[in-house]
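For our numbering, add 81 to where a residue sits in the sequence shown, where the first one is 1. Below is one structure, written out as structure tokens; comments come after it.
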Amino acid sequence: MTQAHIIVFGNEKGGSGKSTTAMHTAIALLRLGYTVGTIDLDARQGTLTRYMKNRFDYMRSAQKPILSPAHMAINKSRAETVSEQQDEERDFFMMALEELGSAADFIVVDTPGTDNFLSRLAHSYADTLVTPMNDSFIDLDLLARIDPNSHDILSPSVYSSMVNAQRDTKLERDGTRMDWIVVRNRLAHIEANNKKIIGELLEKISRLAGFRTVPGFGERVVFKELFLKGLTLMDLKDESKDNLTLSEIAARQEVRQLITAIGPERLKGPVKPRHAMKAASEQTLDPAQSPDQEKIQNAQS
Ligand SMILES: Nc1ncnc2c1ncn2[C@@H]1O[C@H](COP(=O)(O)OP(=O)(O)OP(=O)(O)O)[C@@H](O)[C@H]1O
Ligand SMILES: [Mg+2]
Numbered sequence: 082m083t084q085a086h087i088i089v090f091g092n093e094k095g096g097s098g099k100s101t102t103a104m105h106t107a108i109a110l111l112r113l114g115y116t117v118g119t120i121d122l123d124a125r126q127g128t129l130t131r132y133m134k135n136r137f138d139y140m141r142s143a144q145k146p147i148l149s150p151a152h153m154a155i156n157k158s159r160a161e162t163v164s165e166q167q168d169e170e171r172d173f174f175m176m177a178l179e180e181l182g183s184a185a186d187f188i189v190v191d192t193p194g195t196d197n198f199l200s201r202l203a204h205s206y207a208d209t210l211v212t213p214m215n216d217s218f219i220d221l222d223l224l225a226r227i228d229p230n231s232h233d234i235l236s237p238s239v240y241s242s243m244v245n246a247q248r249d250t251k252l253e254r255d256g257t258r259m260d261w262i263v264v265r266n267r268l269a270h271i272e273a274n275n276k277k278i279i280g281e282l283l284e285k286i287s288r289l290a291g292f293r294t295v296p297g298f299g300e301r302v303v304f305k306e307l308f309l310k311g312l313t314l315m316d317l318k319d320e321s322k323d324n325l326t327l328s329e330i331a332a333r334q335e336v337r338q339l340i341t342a343i344g345p346e347r348l349k350g351p352v353k354p355r356h357a358m359k360a361a362s363e364q365t366l367d368p369a370q371s372p373d374q375e376k377i378q379n380a381q382s
């Protein structure tokens, strides 16, 4: 079995930000000096694969290399019976883990926004599971049933039950535990009261469902724009943007907070000197980020 640390991005709710945060995580880890492979299990929609293609197109037109992960996409099997399909999909997934894992510190896996065999399988291999969710009661409903009047948490819901079943599968199979992180995405800059209620409910659910929460991502147009170029916020400084906007600086902080929560240094050792220097020089150029950079160092030492 691969020694790479597997980070799965999952949520049965479509459009919650799985592919966007998966891409940002993969590139942020690469830029810290780790080797990274990526797997797209939502090959039909293929957002992560398209994101990578856009990145390669960008590289070609810019005529210079930019750090990119080794990427694989796995299609749904077309075998005749369900059991043949599942065998084939399991084989493909294991092959991808072996292929990428032989050289990678981390494998980042993007899953579809629906429940299917490949997604459940990937969840059962997640050393870290990251679940981005939008700030809505509909998104919360996939994690827990909530009493509409008292806001008491009544029971786990479909997605958290599935995660906990796969968590048990992993523990039984490998003897290792999954670290489950829920990250709020597209946080509105207004609606302070709604934000507060969702935050409180999420804390309550986390105790029942067994996840931890990290500060989330704001609603930012830049995420949509970057997709077309195949770039992430972490690339901006190198790609012709000397002066980042306040929104871009804040968004980079948010990405770093997620990386800190994942804890690459704790999992795979210190960043490589070349990239540590790179990070340090970014820090000086961009003072607003220095406290956060420090936190990365501290949290992972
Ligand atoms: N923080 C954000 N601010 C603004 N737009 C965002 C943000 N995060 C994601 N988006 C946009 O939301 C849309 C859905 O994001 P994404 O494709 O990452 O979600 P997903 O969970 O992978 O969706 P699916 O379940 O369909 O695979 C995209 O257009 C993306 O650019
Ligand atoms: Mg997606």
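From the three backbone atoms N, C-alpha and C, an ideal C-beta is built for every residue, glycine too. All of these numbers come straight from a predicted model, not from anything done at the bench.
Exercise. To the nearest angstrom, report how far apart GLU161 and GLY280 are at their CA atoms.
Key: Their backbone Cα atoms lie some 45 Å apart in a straight line.
Exercise. Using three-state DSSP, classify PHE308 as helix, strand or coil.
Key: Under the three-state reduction of DSSP, PHE308 is assigned to helix.
Quiz prompt | Cβ-Cβ distance between VAL66 and GLN338 below 8 Å | solution = Outside the displayed span of the chain (82 to 382) sits residue 66, for which this structure offers no information.
Self-check item: Closer than 7 Å: SER200 CB and nearest ligand 2 heavy atom
Solution: Not one heavy atom of ligand 2 is found less than 7 Å from the C-beta of SER200.
Quiz item: Excluding five sequence neighbours on each side, which residues of the same chain lie with their C-beta closer than 7 Å to the C-beta of GLU320?
Solution: Correct list, in chain order: LEU312.
Self-check item: Cutoff 7 Å; reference GLN166; Cβ partners in own chain excluding five residues on either side
Solution: Excluding sequence neighbours, GLN166 sits near SER158, ALA160.
Quiz item: Does the beta carbon of ASP29 fall short of 7 Å from some heavy atom of ligand 2?
Solution: For the chain, the structure presents residues 82 to 382; residue 29 sits outside this window and is missing.
Quiz item: So does THR194 have its beta carbon nearer than 7 Å to some heavy atom of ligand 2?
Solution: The question names Thr, yet the displayed sequence has Gly at residue 194. It does: the Cβ of GLY194 is within 7 Å (strictly closer) of some heavy atom of ligand 2.
Quiz item: Would you say SER100 touches ligand 2, meaning its beta carbon is less than 7 Å from a heavy atom?
Solution: For ligand 2, at least one heavy atom lies less than 7 Å from the Cβ of SER100.
Quiz prompt | Exposure of PHE218, with buried meaning 16 or more beta-carbon neighbours within 10 Å | solution = By the neighbour-count criterion, in which 16 or more other beta carbons inside 10 Å mark a residue as buried, PHE218 falls on the exposed side.
Quiz item: Span of the alpha helix (DSSP H) holding VAL239?
Solution: Secondary structure note for VAL239: its alpha helix (DSSP H) is the uninterrupted segment 239-255.
Quiz prompt | For ILE147 and MET140, the rounded distance between their alpha carbons | solution = Cα to Cα, the separation comes out at about 7 Å.
Practice problem: State the start and end residues of the unbroken alpha helix (DSSP H) segment that holds LEU198. | Solution: A small correction: the amino acid at residue 198 is Phe; Leu does not occupy that position in the sequence shown. Per DSSP, the unbroken alpha helix (DSSP H) holding PHE198 starts and ends at 198-205.
Exercise. Please classify VAL336: does DSSP put it in a helix, a strand, or coil?
Key: Judged by DSSP in its simplified three-state form, VAL336 adopts helix.
Quiz item: Is there contact between the segment 322-329 and the segment 251-265, where contact requires at least three CB pairs shorter than 8 Å?
Solution: Touching, no.
Quiz item: In terms of residue numbering, what span does the beta strand (DSSP E) encompassing PHE90 cover?
Solution: First-last of the beta strand (DSSP E) with PHE90: 86-90.
Quiz prompt | Reduced DSSP category for MET140 - H, G, I as helix; E, B as strand; rest coil | solution = DSSP places MET140 in the helix class (H, G or I) of the three-state scheme.
Practice problem: Within the same chain, show all residues whose beta-carbon is closer than 6 Å to that of SER149, passing over the 5 residues directly before and after it, in chain order. | Solution: Its chain contains ARG136 as the residues whose beta carbon lies nearer than 6 Å to that of SER149, once the 5 sequence neighbours on both sides are disregarded; these appear in chain order.
Self-check item: Separation of ASP196 from GLY386, as counted between CA atoms
Solution: Lying outside 82 to 382, the shown extent of the chain, residue 386 is not represented and no answer is given.
Quiz prompt | Run of the alpha helix (DSSP H) containing THR102, from where it starts to where it stops | solution = The continuous alpha helix (DSSP H) containing THR102 extends over residues 99-112.
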